[in-house]
Structures are given as structure tokens and as C-alpha cells.
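Visitor: Residue numbers (the numbering used here), protein chains in the order written: chain A, 560 to 693; chain C, 560 to 693; chain S, 560 to 693; chain G, 560 to 693; chain V, 560 to 693; chain W, 560 to 693. Quick reminder that beta carbons are idealized off the backbone N, C-alpha and C, glycines included. This is the structure I want to talk about, given as C-alpha cells.
Protein chains: 6
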Amino acid sequence: MKVGRRETFNCAHRLNNPAWSEEKNREVFGKCNNNNYHGHNYVLETWVDGAIDPETGYVMDAKILKDIIREHVTTPFDHRNLNLDVPDFKNLNPTAENIAVVIWNKLRAEIPSEFKLSIRLYETENNIVEYDGQ
Amino acid sequence: MKVGRRETFNCAHRLNNPAWSEEKNREVFGKCNNNNYHGHNYVLETWVDGAIDPETGYVMDAKILKDIIREHVTTPFDHRNLNLDVPDFKNLNPTAENIAVVIWNKLRAEIPSEFKLSIRLYETENNIVEYDGQ
Amino acid sequence: MKVGRRETFNCAHRLNNPAWSEEKNREVFGKCNNNNYHGHNYVLETWVDGAIDPETGYVMDAKILKDIIREHVTTPFDHRNLNLDVPDFKNLNPTAENIAVVIWNKLRAEIPSEFKLSIRLYETENNIVEYDGQ
Amino acid sequence: MKVGRRETFNCAHRLNNPAWSEEKNREVFGKCNNNNYHGHNYVLETWVDGAIDPETGYVMDAKILKDIIREHVTTPFDHRNLNLDVPDFKNLNPTAENIAVVIWNKLRAEIPSEFKLSIRLYETENNIVEYDGQ
Amino acid sequence: MKVGRRETFNCAHRLNNPAWSEEKNREVFGKCNNNNYHGHNYVLETWVDGAIDPETGYVMDAKILKDIIREHVTTPFDHRNLNLDVPDFKNLNPTAENIAVVIWNKLRAEIPSEFKLSIRLYETENNIVEYDGQ
Amino acid sequence: MKVGRRETFNCAHRLNNPAWSEEKNREVFGKCNNNNYHGHNYVLETWVDGAIDPETGYVMDAKILKDIIREHVTTPFDHRNLNLDVPDFKNLNPTAENIAVVIWNKLRAEIPSEFKLSIRLYETENNIVEYDGQ
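Here it is in C-alpha cells:
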């Protein structure tokens, strides 16, 4: 049984590889490389997979799951510049893929180990990533 | 090849474990424990996984799938109080997880055994469960 | 310039006119008359119409608008039975139309009089009402 | 890590098996058999599964994925009659299932073999198929 | 008080002005002129504006409104070719605007005259029209 | 007859009034004042109100409307920092309200004067503004 919780956060970011020339960055990342940043309304689905507790009828209380997501991901990320304000991206390009890895690692540390964990992250309504730790 | 069908139903329910004290129920289930019930617009996705029939080009005719879902799930559940009106929840707490198990069992009994079956149930736009019988 | 804010709340309710026979209630309100209630995920859009404040660039701070909506509408309504738990519906049938009138009156009392106020209320994705006090 | 891209296209089609009588076609395919065609706004999600390139932070550049989808699927399909204008359906009934197989094969030929590929196709908001080549 | 009802229907159509040359039709209507038709999932919102009936708490029973829309619009239009199967478009180009006029006139004839009527029609998620008879 | 077109763009921005102290800015604009910017996926609906041209059946060709919106709004705004990259906001706080005024003025200059113009701008799924020039 999988339980999913949807939360949102809004960030600025830019894509850039500091090992490359400005020219190559512009060529590869296009308008996402804009020096002054752009931004997105990210939508995060967190999925927890485990057995139903017969006493509560829950796999995991959605309120507890929500509190973990808010404390460890959406509150520290929301209304921030991922490149400048979130230390995880100091040396990591904040593509949707890398943001998903960072979020998954943060959540994995908080969600009890008997549950499998996967996430889906919408950068826009057209660009989506999914990650389950593998 | 998986084929999915989306249907909706609207119910009242409350979460409660009769083996617990009122106090413990309020502590665990919070506002979902409200004595007088609250309610949701449930959205049910039913997914059937099997081979394409070369004569029809269908895995399973969506009309037949829709009729099964309506006869066995959405018509008997819609505009009902899950706790009081639906016998399956007489002794089962109607969490999204338990509702999903009940629905999956009802559908599994009706959908030909050569098809794998999984469901996704939205309780709200933010709370979702998935179940495939395991 | 109009500013809109979307909030949600989940309730149980039933439609019934106590001046009518049970038979007439069942005939007019159909499955919405179910004795044991059913429920919905209501989506409320609150629209405030006024001039932009040149100092803030806001018509009305969305955070202030959100706090008003939550304090006066969504918190007292959410996870309640409209018929039994919300005094406004003690003698008023909680149709989407009447819920909209009640909400509009509550918000009108809190939102500064220089702003025009209108609301849109989704009972389901298919049933919607709009009210502006007239 | 899976990366998804959403694109849309709008087509006319009808369902028909030329090996059957008109009567049987009408019985099996119902209103979808209408001689003069009907149509849909198809929504296609393309999912590519692979490793993150440490230099770009991408599994696959969404712009490249988008260009492949548009060149090989959405541009040749959009505003067409699937039965009459798209050669793949000359002898293949354009059910959502068969459209998914055709699209998957076209994309599989273009997407580097180190990536797994799956697609989700919405024919309507209620009818969906998923295909991963198996 | 306005009451809205959402219904859907799926059609084939093409845009063409028989008074023009093929060349001019292709230039003006582009891919929408495709000889063999294309199609859409249309979404229709019907809005009725009137007073709340104090006995029912309804402006107009959504079930009655739904039945009118289905009988006069969505059933005769659904899974049809607007140009060939729907007589209203025999001499009228089925643009979203003209479809809206036709639908509004059909509904206006059925909805009691004490109610104002307006409709919103989505041809795609990006192309929308609204009409209130003026 | 009103015709609407939906387009999207993604920007970074921050809210700040340079005539105020840092403290007052933080107090009024909260996390939206973040020095390093945050960002949004903006959704813009542009509505044009006019008569149907009997030759085309269009109020205004959606393709022409789309081209105007893309040339004058979404291309110059998309993947930009509104405060730093878009001259209109050099001395104007980029609240949703002020962005709507800027967009409306740009579109008003391009859309023929026989059409009334209004826009709806979603900053998030919960925060929306509408502007018609008054």
C-alpha cells in the first residue's frame, strides 16, 4: 500500500556548470542559464510504501508525513534561491533531477526504514521527475 | 499495456477505533474523528494490466470497465456515509488505505483473472493512496 | 483590479427541507437527502476588487486575505458536518448556493468596505456557484 | 531517475474492425464507431529512465526529449485524422492502446538505448493507457 | 447567484469557408482546415444566473440543468463530426465561437426565462470562449 | 463573445519597496522579500471581447492572439528575473497586480481597439489576479 502527499514550494534557480565556459553553459542550458535566475512553482509528491497498521488503518499518518515534508523540505526551500540560499546546491547544479535526489535523501533520513520511499517532482506542468533512491 | 479509468464518488465518513478511548481517538485522528462526520469527493483510478486483444485493439473495453466500477463501487458508495451506510466499514476504519483495500477486493472479484489490477484513490488533491493487492 | 485566493475545506452535509414530507424531500433532493449525510471537498475562491496600493503594489495582501478566510470560514467549516456543527445551517438548507451566501456574509463583515467582494464555490469539479451579494 | 515530458495533440479518429460486419462494429465500438469520425485532445507523457549525467545534472535534456517527441509524434499526428492521415493506422484500429504502441515504437527508435522508455496517453480525462514495450 | 455545471463531449471538426479558395482556407485556418478533420475533447460550463428558491435552496436544481445540457447539447454532439453529423453546422463554420452560439441558443430555448444564461467552452486547455447572448 | 488564450512563463522576482527600511520590507513582504529572489510558474489567460467575424467565424484568430502574447509578453518575460531583467519593473514592485498592469498595457497596445481586453494571471494555483484596464 502506497500513500502519497502533495506539497508545493516556490524557488528561484539557475542551471550552470562552473567547470564550463560561459559559452558552453549558455549552449547547453539555454535560457535556464540566465545569470539573474528564473523560478518555478515546484509540486512535490512524496510516496511511502508499507503495510497498513491495523490499529489506525494508516500506513503512515498523513499529518506526520506532511510535517516531515514541511520541516525538512518545503519550509527550508520555499521562497528561496536554490543556488544561493540552500547549502545542498552550493556545489550541485539544481536541475529537477538533482533537486529530487537532495529531497529524497532528506526525506529518507526522516521516514522510518520499514517504508520504501519515492518522490515525484513537477518543475512545470510539462517537466516532471521521479526518484526512488536507485 | 495498462488501461486506466477515472470515476468519482462523494461520501461522509469519520475515523475512529472503537477499541480506544475517545481521548486517544481525538489525539490520533484529530479533526478526522469528528463525531458528526465530515466528507470528501473521492477520485478513483482503476488500472487493468494485460495484453491487447488483436480483434478489438482494447486490453479491456473502457465501457465494460466503467460499468463494473459503477455497479460495484461508485453507485453503492456515492452520496453515502461510509461508516453507517456501507457494510464493509461496519468494523473497519474508513481511512483512504482501508477504502482502497475494500474497493480493490470488490473489483478483483469482477475483473477477469488474466488482468492485473491496481487502483489509485484521491481523498483530497493532496492525499492519495495506491494499492495493487500486495 | 481583482485579487483571488483559493482555499479548501471538507465537510459532511445533507439537503433537506423540514417543512416537507420525507417523500417529497427524497423526490426533490434525491441521493443528496441521504439521512446519514454525504460529503464534499469544497474549493473556495475569494475575489476582492479594488485599487492597487502604490506603496505595496497590492490590492490586498494575499496573506491577510488568506488569514481572514481561514479564521472565519475554512477553519470553522473544515472537517465539520454543516447541518449539525455549523450554526448558520441550523435552519438553512446547506446547498452550494446557501453555503455561498453564508460565506459571503462572513467575509463581507471582515473585508474592508472599499473592496467589492465576490466568491466562487466548487462543490464538485462539475457543480459550481458564484455570488457577489446581489 | 525517471524524467517525464508532457505534450499534447488533437486528432480525429474512429474505431472499426474491417473484418467485422457493420452491425458487429456498432455493437462493440458503439458511438466510437461513428462513420464520420469523432476526436480527442490527447495528452502524452513520455518517461525516460536512466542515470543522471554528472556534468549536466540531467538524465536527458528536456529540450532534446521535447524535440524528439514533437518531430516524431506530436507534429505528424496533430490536427490529423488518425485513420486517414497517419499511415501507421492504415491497418491498425486507433484505440488508445494501439496509439500508445505506435508512439512507443516511434520514440524507442529515437531515444538512446541506455534509457528505459515508458509512456502514458490520456484520450480523455477519464480514459488513460500506459505502455513500456512489454 | 450564478450556478455552473460542467459537462464534456468529444467531436471531430474542420474549419472551412466554402466561399473561399482552398488556398485561402489553408492560409487562414492552417492545420485546422485539414480535409479529413481533426478533433477535440470539448469542456462546456453552463452558467445560470437567478434568485435562490427559498424552498429548495437552489437557483436551479443541478440535476435538471444537467439533464437539459445532456439532452440538447452533449448527447447529440458527443462522438459526432460537427461538420457532417450536426445540422446546425451544415452552413456554419464550427469554430469555438460559432459552437458557443449554437449551444447558447439551444440552452436558452430550454432554460426558464427568469434566468440569465452564459456559457464557457474549452476547445483545448489553452483555447476558451465565453458567450452570454450579446 | 469573449475569446481566451492560456500561455505560461517562469520568472524569478522579489517584492521590495526601496523607499522603506529593510525591516519594514521584511515585515510587509515576509518571505517574498528574500534578497536572493524566489520564483513562480506564471499562467496568463488573455481574454479578447468582440464580435464574430462572419467570414472566419473567429472573434480573433487564436494563432494571431498567441503570437502577440508570445512576442510581447511571454518570450521577453520567460526565464527572466523580473526585477533585474525586465525594464518595466526597474521602478515598479513586481507583485502579481503590477505584473498584470504591465502585461495588460503591453497587450492593449497590440490588440485592435475594437476589442475589449482583460487578463487573468495565476502566480500560484492559490493566488490569482484579474485586470481589465480600470
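For Phe-568/C, which residues in the same chain have their Cβ closer than 6 Å to its Cβ, ignoring the five residues on either side in sequence?
Guide: Excluding sequence neighbours, Phe-568/C sits near Tyr-601, Thr-633, Phe-636, Asp-637.
Visitor: Could you tell me which residues DSSP pairs with Phe-648/V in its beta bridges?
Guide: Bridge partners of Phe-648/V: none, in fact.
Visitor: Residues of chain W with CB closer than 8 Å to the CB of Gly-563/V, please, in chain order.
Guide: Neighbours of Gly-563/V on chain W: none; closest Cβ ~16 Å, over 8 Å.
Visitor: With distance defined between alpha-carbon atoms, name the residue in Met-560/V, Glu-566/V, Pro-577/V nearest to Asn-685/G.
Guide: When only C-alpha atoms are compared, the closest one is Glu-566/V.
Visitor: Along the region 599-619 of chain V, where does the CB come closer than 8 Å to a CB of chain S? Name the residues.
Guide: Answer in chain order: Glu-604, Trp-606, Ile-611, Glu-614, Thr-615, Gly-616, Tyr-617, Val-618.
Visitor: Check each candidate in Asn-664/G, Tyr-596/G, Ala-659/G and name the one with the smallest Cα separation from Leu-702/V.
Guide: Outside the modelled stretch of chain V, which goes from 560 to 693, sits residue 702/V, for which no answer is possible.
Visitor: At the 8 Å Cβ level, is Ile-687/S part of the contact set with chain V, yes or no?
Guide: Answer yes: the Cβ-Cβ gap between Ile-687/S and chain V drops below 8 Å somewhere.
Visitor: Taking only beta-carbon atoms, is Lys-625/V less than 8 Å away from chain G?
Guide: Output row for Lys-625/V: interface = no.
Visitor: On a Cα-Cα basis, can you pick out the residue from Asn-652/A, Glu-656/A, Leu-624/A, Lys-649/A that is closest to Leu-676/A?
Guide: The residue with the shortest Cα to Cα distance from Leu-676/A is Leu-624/A.
Visitor: With a threshold of 6 Å on Cβ separation, who are the neighbours of Asp-511/C within its own chain once the five nearest residues in sequence on each side are excluded?
Guide: Only positions 560 to 693 of chain C appear in this structure, which leaves residue 511/C out of reach.
Visitor: Shorter than 8 Å from the beta carbon of Ala-571/G to some beta carbon of chain C?
Guide: Cβ-Cβ to chain C under 8 Å: no for Ala-571/G.
Visitor: Considering only the alpha carbon of each residue, which of Lys-622/S, Ala-571/S, Ile-628/S lies closest to Cys-591/W?
Guide: The shortest C-alpha separation from Cys-591/W is found at Lys-622/S.
Visitor: Measuring alpha carbon to alpha carbon, tell me which of Gly-589/G, Pro-577/G, Asp-620/G, Gly-563/G ends up nearest Lys-649/G.
Guide: Residue Pro-577/G is the option with its Cα nearest to Lys-649/G.
Visitor: Is the Cβ of Lys-622/G closer than 8 Å to any Cβ of chain A?
Guide: Chain A, which has a Cβ nearer than 8 Å to the Cβ of Lys-622/G, makes this yes.
Visitor: Which value, in whole angstroms, describes the spacing of the CA atoms of Lys-561/G and Asp-620/G?
Guide: In a straight line, the C-alpha of Lys-561/G is about 12 Å away from that of Asp-620/G.
Visitor: How would you label Ala-668/A, buried or exposed, when you count the other beta carbons within 10 angstroms and need 16 or more for buried?
Guide: So Ala-668/A counts as exposed.
Visitor: Using a Cβ-Cβ cut-off of 6 Å (strictly less than) and excluding sequence neighbours within five positions of Ile-627/A, which residues of its own chain qualify?
Guide: Excluding sequence neighbours, Ile-627/A sits near Glu-669.
Visitor: How many angstroms separate the CA atom of Glu-689/V from the CA atom of Ile-658/V?
Guide: Computed Cα separation, rounded: 11 Å.
Visitor: Which same chain residues end up closer than 6 Å to Ile-687/G when comparing Cβ atoms and leaving out the 5 residues on each side of it in sequence?
Guide: Contacts found: Tyr-681.
Visitor: Can you give the Cα-Cα distance for Ala-571/G and Asn-594/G, rounded to whole angstroms?
Guide: Distance between the alpha carbons of Ala-571/G and Asn-594/G is about 11 Å.
Visitor: For Gly-609/S and Trp-663/S, I'd like the C-alpha separation in whole angstroms.
Guide: If you take the alpha carbons of Gly-609/S and Trp-663/S, they lie about 17 Å apart.
Visitor: What do you reckon, are the CB atoms on Arg-564/W and Thr-605/W nearer than 8 Å?
Guide: A contact, by the Cβ cut-off of 8 Å.
Visitor: For Glu-684/V, go through chain W and note every residue whose CB falls closer than 9 Å to its CB, in chain order.
Guide: The answer, in chain order, is Arg-565.
Visitor: Taking the DSSP output, what are the residues bridged to Ile-658/A?
Guide: Partner(s): none; Ile-658/A has no beta bridge.
Visitor: Output the residue ranges of the beta strand (DSSP E) runs that lie fully inside the region 562-636 of chain V and measure 3 residues or longer, sorted by chain position.
Guide: Segments of the beta strand (DSSP E) lying fully in the region 562-636 of chain V: 597-608.
Visitor: Could you tell me if Glu-656/S is buried or exposed, where buried requires 16 or more neighbouring beta carbons within 10 angstroms of its beta carbon?
Guide: Under this definition Glu-656/S is a buried residue.
Visitor: Looking at C-alpha atoms only, which residue of Asn-652/V, Tyr-617/V, Phe-674/V is the closest neighbour of Pro-653/S?
Guide: Among Asn-652/V, Tyr-617/V, Phe-674/V, the Cα nearest to that of Pro-653/S is on Tyr-617/V.
Visitor: Could you confirm whether any beta carbon from chain S is found closer than 8 Å to the beta carbon of Asn-659/W?
Guide: In the sequence under discussion, the amino acid at residue 659/W is Ala, which differs from the Asn named in the question. Answer yes: the Cβ-Cβ gap between Ala-659/W and chain S drops below 8 Å somewhere.
Visitor: On a Cα-Cα basis, can you pick out the residue from His-599/W, Leu-666/W, Asp-612/W that is closest to Arg-629/W?
Guide: Closest by alpha carbon: Leu-666/W.
Visitor: Can you find the residues in the same chain that come closer than 6 Å, C-beta to C-beta, to Arg-585/A, ignoring five residues on each side of it along the sequence?
Guide: Around Arg-585/A: Asn-592.
Visitor: Can you give me the C-alpha to C-alpha distance between Leu-641/V and Leu-651/G, rounded to a whole angstrom?
Guide: If you take the alpha carbons of Leu-641/V and Leu-651/G, they lie about 25 Å apart.
Visitor: Measuring straight from C-alpha to C-alpha, what distance separates Trp-579/S and Ile-678/V?
Guide: Trp-579/S and Ile-678/V: Cα-Cα distance of roughly 34 Å.
Visitor: For the region 631-653 of chain V, which residues have a beta carbon sitting closer than 9 Å to at least one beta carbon of chain G?
Guide: Hits within the stretch, in order: Asp-637, His-638, Arg-639, Asn-640, Asn-642, Leu-643, Asp-644.
Visitor: Going along the chain, which residues of the region 575-587 of chain S sit with their C-beta nearer than 7 Å to a C-beta in chain V?
Guide: Under the 7 Å Cβ criterion, the region 575-587 of chain S contributes Asn-576, Val-587.
Visitor: With distances taken between CB atoms, is the gap from Leu-694/G to Phe-588/G smaller than 8 Å?
Guide: No answer is possible for residue 694/G: the residues shown for chain G start at 560 and end at 693.
Visitor: Using a Cβ-Cβ cut-off of 8 Å, state whether Tyr-690/G counts as contacting chain C.
Guide: Yes - at least one Cβ of chain C is within 8 Å of the one on Tyr-690/G.
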